[in-house]
Each structure stands twice: as structure tokens, then as C-alpha cells.
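Take a look at the structure below.
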Amino acid sequence: MGITRAVNVAKENLNDVMAELGMTEGFDVGLEMSGAPPAFRTMLDTMNHGGRIAMLGIPPSDMSIDWTKVIFKGLFIKGIYGREMFETWYKMAALIQSGLDLSPIITHRFSIDDFQKGFDAMRSGQSGKVILSWD
Numbered sequence: 001m002g003i004t005r006a007v008n009v010a011k012e013n014l015n016d017v018m019a020e021l022g023m024t025e026g027f028d029v030g031l032e033m034s035g036a037p038p039a040f041r042t043m044l045d046t047m048n049h050g051g052r053i054a055m056l057g058i059p060p061s062d063m064s065i066d067w068t069k070v071i072f073k074g075l076f077i078k079g080i081y082g083r084e085m086f087e088t089w090y091k092m093a094a095l096i097q098s099g100l101d102l103s104p105i106i107t108h109r110f111s112i113d114d115f116q117k118g119f120d121a122m123r124s125g126q127s128g129k130v131i132l133s134w135d
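Numbered by full-length UniProt numbering, the letters in the sequence shown go through residues 1 to 135 in order.
In C-alpha cells form, the structure reads like this:
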């Protein structure tokens, strides 16, 4: 899929990976999809000045934010929910229609009757996209 380097921040230090890749600045865009507070804190540390963060993951409880990093880096943080997600779906549909192969990210498929297995796979941290089918 054109990925240079995939990183599991639970197992690798993102700063070490950035150094390995020769990155001298932070990221311009961050997509926080896990809802895990440590992942968000790491994202704040590794963002470039003026970077944009889209919050899609839902934290399990209240989460503290180091506002000093947000302010001094001039970061933009935006929650994504509801109607805005429809626009991303339209863009994704266009990518798929243009031939983008998403099969490498789908790791599990379950019948809707086995939904608990799907949730267990997601919670394990050992899955990519999990698909539940009504067929």
C-alpha cells in the first residue's frame, strides 16, 4: 500500500523511528484513532509546528492534555464526528473506485453472529480492520 514504515507505538518509541527515518521535523498531520491517552501524548510530542490533529478515537475516560505543547506548537485539534465523516466516506469511495486495494489492512472477517469474536480480535491489539458480515 506504499507504506514506508509501520509503527506500533505500544512496542516502539516513535522518536527512535523518526530518527531512523532521518526525520528532522515532526508530523504535519496526525490521526488519533485509538482513543489511547499515551498515543495522544506521543502525537503531541511528535507534531510539527502548525500541525493538524484529527481526533477520531474516543478515550476510555477523561484525558489530560498538555496545553503548553498545543499552544507553543500552534497545533490545530479537531474532533471528527457525524456529518464530517460522510465526506471522508465519499473520498474513500472515490479512492476505492480508482483502484485502491484495501485488502492488506483487513485481517479478520466474522459473521454478525460471531460479533464477540470480532470485538475480541480488536481488543487484542493484534488486528487491522475487522469486518462483520450480515451474509
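Cβ atoms here follow ideal geometry from the backbone N, Cα and C, with glycine treated the same way.
Every alpha helix (DSSP H) stretch that sits fully inside the UniProt domain "Alcohol dehydrogenase-like C-terminal" (1-97) and reaches 4 residues is listed by chain position as 14-20, 37-46, 67-73, 83-97. In this structure, the beta-carbon distance from histidine 49 to glycine 74 falls below 7 Å. Counting of Cβ neighbours within 10 angstroms places glycine 125 among the exposed residues, the total staying below 16. Separation of valine 9 and valine 130 (C-alpha to C-alpha, rounded to the nearest whole angstrom) is 20 Å. Take phenylalanine 115, set aside five residues on each side of it, and the residues of its chain with a beta-carbon closer than 7 Å to its own are Leu132, in chain order. The C-beta distance from methionine 55 to isoleucine 71 rounds to 17 Å, too long to meet the 8 Å contact threshold.
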